[in-house]
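Asker:
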Amino acid sequence: MEEVIVSERLPTVAEYIGLRTTMGWGRIDQATSDRTLQAAAFTVCLHRRDRLAGIARVMGDGALYFFLADLIIAPEFHGSGYGERLMQAVTSYFDRSALPGATITLVALNGQEAFYEKFGFMRCPSGPFGTAMHYAAAPPPG
Ligand SMILES: CC(C)(COP(=O)(O)OP(=O)(O)OC[C@H]1O[C@@H](n2cnc3c(N)ncnc32)[C@H](O)[C@@H]1OP(=O)(O)O)[C@@H](O)C(=O)NCCC(=O)NCCS
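All residue numbers for the sequence shown refer to the working numbering, where the first residue is 2 and numbers rise by one.
#1: Please determine, among Y117, E114, T106, the residue with the shortest C-alpha to C-alpha distance to F130.
#2: Please return the same chain residues whose Cβ sits closer than 6 Å to the Cβ of V59, not counting the five positions on each side in sequence.
#3: Using a Cβ distance threshold of 8 Å, determine whether the segment 46-55 contacts the segment 80-96, with at least three qualifying pairs required.
#4: If you drop the 5 nearest sequence neighbours on each side, which residues of the same chain put their C-beta closer than 8 Å to that of L143?
#5: Ignoring anything shorter than 3 residues, give me the beta strand (DSSP E) runs that lie fully in the segment 31-115, in order along the chain.
#6: What do you reckon, is the C-beta of H48 under 7 Å from a heavy atom of ligand 1?
#7: Based on DSSP bridge pairs, tell me the residues matched to F130.
#8: Excluding the 5 residues preceding and the 5 following M24 in the sequence, name in chain order all residues of the same chain whose CB lies nearer than 8 Å to its CB.
#9: I29 by DSSP, collapsed to three states: which one?
#10: CB-CB under 6 Å to Y94, same chain, minus the five flanking residues each way: which ones, in chain order?
#11: CB-CB under 8 Å to L87, same chain, minus the five flanking residues each way: which ones, in chain order?
#12: When you compare only the Cα positions, how much space is there between V108 and E4?
This is the structure:
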């Protein structure tokens, strides 16, 4: 098997739970993992020696509204070019799927903005967009 495989497919429920847990984002149960994986419009996985080392997921309708919800590389592989490989797959998906007038967004974690600028994202406010906002009453990780 090739060392690194990038594939447009879903990870297993257990793989996704495991990768999120390594990021310290709280543990989700199997039903929640399955539900959110099935709901994505686009998912790309990066496997290294049969292990899930990274994932990117886009939520949305696949035509007009796209939200890059997840981009995760396992911490021991940061700086290996894997994030770039996933972003190339994600922007290729945007380029072939987005219809005229589409809105394609993400909310970068603090300090990650420059990474996304490499792949064509612009900081808000920009054009018709104001600053990004989030719902402050959303429940924190469990
Ligand atoms: C952000 C993340 C996906 C980057 O993945 P990665 O595999 O470490 O990045 P790569 O090795 O592919 O880096 C590609 C390029 O981006 C640069 N880069 C990486 N992280 C960066 C950052 N935070 N800011 C600016 N540039 C960054 C690299 O230096 C590299 O530049 P180069 O092409 O000039 O050499 C990864 O660090 C990660 O999973 N972080 C934790 C989760 C997270 O923060 N996700 C994003 C949530 S918004």
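Even glycine gets a Cβ: it sits at the ideal position worked out from N, Cα and C.
None of these values were measured; they are calculated from a predicted model.
Answerer: This is what the structure gives:
#1: Here residue 130 corresponds to residue number 129 of the sequence shown, with the count starting at 1. Out of Y117, E114, T106, the CA that lies nearest to the CA of F130 is found in T106.
#2: Locating residue 59 in the sequence shown gives position 58, where the first residue counts as 1. Contacts found: A42, F43, F67, L69.
#3: Contact holds: three or more Cβ-Cβ distances are below 8 Å.
#4: Here residue 143 refers to the residue found at position 142 of the sequence shown. Before going further, note that residue 143 is Gly rather than Leu in the sequence given. When the five nearest sequence neighbours on each side are left out, the beta carbons in the same chain lying within less than 8 Å of the beta carbon of G143 are those of G27, R28, I29, in order along the chain.
#5: When DSSP assignments are scanned along the segment 31-115, the uninterrupted stretches of beta strand (DSSP E) that are 3 or more residues long and fall wholly within it turn out to be 43-49, 52-61, 66-74, 104-106.
#6: As a position in the sequence shown, residue 48 is number 47, starting the count at 1. In terms of side-chain proximity, the C-beta atom of H48 is found no nearer than 7 Å to any non-hydrogen atom of ligand 1.
#7: By one-based count along the sequence shown, residue 130 stands at place 129. Its beta-bridge partners are S127.
#8: In the sequence shown, residue 24 corresponds to position 23, counting from 1. Taken in chain order, the residues that qualify are I73, P76.
#9: Looking up residue 29 in the sequence shown gives position 28. In this structure, DSSP gives I29 a state outside helix and strand, which the three-state scheme calls coil.
#10: The residue labelled residue 94 in the question sits at position 93 within the sequence shown. Around Y94: F43.
#11: The count along the sequence shown starts at 1 and reaches residue 87 at position 86. Answer for L87: V7, V45, L47, G55, I56, A57, L72, I74, listed in chain order.
#12: As a working note, residue 108 is residue 107 in the sequence shown. As a working note, residue 4 is residue 3 in the sequence shown. If you draw a straight line from the Cα of V108 to the Cα of E4, it comes to about 31 Å.
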